[in-house]
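Per full-length UniProt numbering, the sequence shown runs over residues 1 to 188.
Think of the CB as a built atom: it goes at the ideal place given N, C-alpha and C, for glycine as much as any other residue.
Notes for the one structure printed next.
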Amino acid sequence: MRLDKLLRPGLAQTKAYTSHLYPSTQPLCIFHEKGVRRREHGTIDKSGSEKPRSHHKFKYGSLGPPEKTSRVRPLTLTKAKNETEAEKFYRLKRMELQTEHHKFWLENNQKFLAGKEAFEKAKRTANGDEPINADDFAEFYTKFLKENEKRMREYNLWWCKKNFTMLIPAARANFYYYQRIVTNRWYS
């Protein structure tokens, strides 16, 4: 559906826009008469309200909704039929990497939320009942990023190294997977 058709007056109050590149995906944005709202992790019912998305299932596991604090979607990989040692090794390494990724973001977001609450409390005691504006929050956010810059840089480097080391186990697992498909096709 084209964007200009969605924005024409006289259409329904709420319309969803899905990318033409990914027609089977959930809507990317939701257009209300008051403006555009980015779709968060959920599905839209006929009334225009969002419901939380359940686990997305695929052939070898499922991808759940984002965890509340870490905001990481849990990946659950199930054992495949006739799983080889290479496939098992790769599956376990992926699960281990997912666990470490979740731990880092859980710790990081807990630090951020604790710092944000302390910042809000300090601002409220200093300013009284005045609302905290976006510039004040920008000040807090830049301070938080500067304090955690080294840790974030180390995490990004670690994440890249781990993903790079996963290439060979992934190639081996895929080789054995496709070899099994081809041999089953020829010999069954």
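{"Asked": "Would you say R73 and G64 are within 7 Å of each other, going by their C-beta atoms?", "Found": "yes"}
{"Asked": "Leaving aside the five residues before and after M152 along the sequence, list all residues of the same chain whose C-beta is less than 6 Å from its C-beta, in chain order.", "Found": "none"}
{"Asked": "If the criterion is Cβ atoms closer than 7 Å, does the pair L97 and K161 meet it?", "Found": "no"}
{"Asked": "Identify, in the order they occur along the chain, each residue of the same chain with its Cβ nearer than 7 Å to the Cβ of G128, setting aside the five sequence neighbours on each side.", "Found": "none"}
{"Asked": "If you drop the 5 nearest sequence neighbours on each side, which residues of the same chain put their C-beta closer than 7 Å to that of N82?", "Found": "R180"}
{"Asked": "In the structure shown, what three-state DSSP assignment does E120 receive?", "Found": "helix"}
{"Asked": "Measuring alpha carbon to alpha carbon, tell me which residue in R71, E85, T183, T84 is nearest H102.", "Found": "R71"}
{"Asked": "Compute the beta-carbon to beta-carbon distance between R91 and L77, rounded to the nearest angstrom, for a pair I have assumed lies under 8 Å.", "Found": "5 Å"}
{"Asked": "How many Å lie between A126 and N108 at the Cα?", "Found": "27 Å"}
{"Asked": "Find out if the Cβ-Cβ distance for the pair Y178, T84 is shorter than 7 Å.", "Found": "no"}
{"Asked": "Can you give me the C-alpha to C-alpha distance between A134 and L145, rounded to a whole angstrom?", "Found": "16 Å"}
{"Asked": "What separation, rounded to the nearest whole angstrom, lies between the Cα atoms of A114 and N156?", "Found": "23 Å"}
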